[in-house]
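Structure first, then comments.
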Amino acid sequence: MRLNRAIVATVVLSLVASSLASDAGVAAPARKAAKARHKAPATCEPRSFRIILDVGHTSESQGATGARNDVEFGFNLNLAKLIGERLKSAGFAATRVLVTEGKARISLLRRVAAADRLHADFFLSIHHDSVPDKLLEEWEFDGSRSFFSDRFSGHSLFVSERNPRFRASLAFARLLGRELKGRGLQYATQYTMPVMGRYRRQLLDKDVGVYRYDGLVVLSQTRSAAVLLEAGSIINRDEEMAMNSPERRELIATAVTAAMGEYCERR
Ligand SMILES: [Zn+2]
9 MRLNRAIVAT VVLSLVASSL ASDAGVAAPA RKAAKARHKA PATCEPRSFR IILDVGHTSE
69 SQGATGARND VEFGFNLNLA KLIGERLKSA GFAATRVLVT EGKARISLLR RVAAADRLHA
129 DFFLSIHHDS VPDKLLEEWE FDGSRSFFSD RFSGHSLFVS ERNPRFRASL AFARLLGREL
189 KGRGLQYATQ YTMPVMGRYR RQLLDKDVGV YRYDGLVVLS QTRSAAVLLE AGSIINRDEE
249 MAMNSPERRE LIATAVTAAM GEYCERR
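Per our numbering, residue 9 is the first one in the sequence shown, and the count goes up by one each step.
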């Protein structure tokens, strides 16, 4: 996630979204019907539980750049595809991998619209992390000037209190955090640190690394429960290599699948 851009986009698009909603002129009964359609089922039947795996960023606007100059979009796509395969194998047959086109800002609203259109029961956005620009250090990789920061590493989970299903979102984020921790991974702790400046976040679960990020469009505007996973840091030179490995992708996909199974059982 390119946080600096995401913040601006969040503010702008929240405004656009709310003005679109109020100007749409949708008749009250139609709105009611739409709302009813999106009511979560009383129980979770894996076969029909519609999970949207949102691939962070687009081919046009590819997110963060890793220490070895690979782009975040590629990491997100590879991981989301594998998670999708594992979820389907576990019986979550209605899982969809969502790839969005276009520039960063407009793509955020497109994701929300797609989740809505597909009647999502759960929205999981897949990203890979970087650091604020001021923390970047220079090195040479493959003959070209490149940037890295080995200072921080780890995954993190974000939820928005503005999401209508905040409690459910938080519950899943905790389950996934537990699964990742149980597999030996440590979450990224830097989001509470002063060095993060305006990117600082409130830590909602200090055991497994769930942060609160209220304004993020894909979390706050979606009607279904929604969680954003920063799977790991691609600006950290060691972790970037790990994130590129089939083993790490498998570990994360297995963790997501286990967490979704538990989440579903508890509903
Ligand atoms: Zn991202």
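Idealized CB from N, CA, C, for every residue including glycine.
Given the structure is predicted, the values throughout are model-derived calculations rather than measurements.
With 16 as the cutoff for other CB atoms within 10 Å, does residue i come out buried or exposed?
i	result
SER277	As shown, the chain starts at 9 and ends at 275. That puts residue 277 outside it, with no answer to give.
ASP150	exposed
ASP215	exposed
PHE203	With the sequence shown as reference, residue 203 is identified as Val, and Phe is not the correct amino acid for it. Exposed, by the Cβ-count rule.
ARG159	exposed
ASN77	exposed
GLY190	exposed
ARG94	buried
GLU146	exposed
GLY205	exposed
SER97	exposed
GLY192	exposed
GLU248	buried
TYR271	buried
ARG153	exposed
Compare the C-alpha of residue i against each of the options and name the closest.
i	options	result
THR66	GLU109, THR51, ILE114, LEU188	GLU109
TYR207	GLN198, ASP213, LYS214	GLN198
TYR221	GLU187, ARG231, THR200	THR200
VAL167	THR230, PHE156, ASP141, ALA121	THR230
LEU90	CYS272, ARG256, TYR271	ARG256
LEU165	TYR195, ALA128, LEU61	TYR195
LEU224	ILE260, GLU145, ALA112, ARG275	ALA112
SER69	GLU145, LEU184, GLU169, ILE114	ILE114
LEU184	LYS142, ALA261, PHE156, PHE57	ALA261
GLY273	ALA176, GLY240, ILE242	Here residue 273 is Glu; the residue named in the question, Gly, does not match the sequence. Nearest option by C-alpha distance: ALA176.
SER161	ARG118, VAL264, ILE242, PHE57	ILE242
GLY157	ASN244, ALA250, VAL63	Looking at the sequence provided, one finds Ser at residue 157 rather than Gly. The shortest C-alpha separation from SER157 is found at ASN244.
GLU80	LEU87, ASN86, ALA72	ALA72
TYR254	VAL63, ARG58, ASN86	Checking the sequence, you will find Pro at residue 254 rather than Tyr. Answer by Cα proximity: ASN86.
ALA179	ALA267, ALA123, GLY99, ALA88	ALA267
ASN252	GLU53, PHE83, THR51	PHE83
ASP246	GLY74, GLU53, CYS52, VAL63	GLY74
ALA121	GLU169, ASP141, GLY92, ASP62	ASP62
ALA107	HIS163, GLY99, ARG119	According to the sequence provided, residue 107 is Val. The question's Ala does not apply to it. Comparing Cα positions, the closest option is ARG119.
How close, in whole Å, do the beta carbons of residue i and residue j come, if the pair is a contact with beta carbons under 8 Å?
i	j	result
VAL235	LEU116	That pair is no contact at about 16 Å.
ILE60	PHE131	5 Å
LEU237	HIS135	7 Å
ALA102	SER56	6 Å
SER280	ALA123	What the structure shows of the chain is the stretch from 9 to 275, and residue 280 is not part of that stretch, so it cannot be assessed.
LEU188	ALA263	5 Å
Step through the CB atoms of chain C and report whether any lies within less than 8 Å of the CB of residue i.
i	result
GLU145	Looking at the structure shown, chain C is missing, and only one protein chain is on hand.
Exercise for the section: Quick one: which unbroken beta strand (DSSP E) runs of 3-plus residues sit fully inside the segment 107-151? Chain order, please. Expected result: 130-137, 145-149
Exercise for the section: May I have a chain-ordered list of the beta strand (DSSP E) segments no shorter than 3 residues that lie completely inside the segment 235-274? Expected result: none
Problem - In chain order, each alpha helix (DSSP H) run of at least 4 residues that lies wholly inside the segment 78-112 - result: 80-97
Exercise for the section: Would you mind listing the alpha helix (DSSP H) stretches within the segment 168-223 that are 4+ residues and don't spill past its ends, in chain order? Expected result: 174-190
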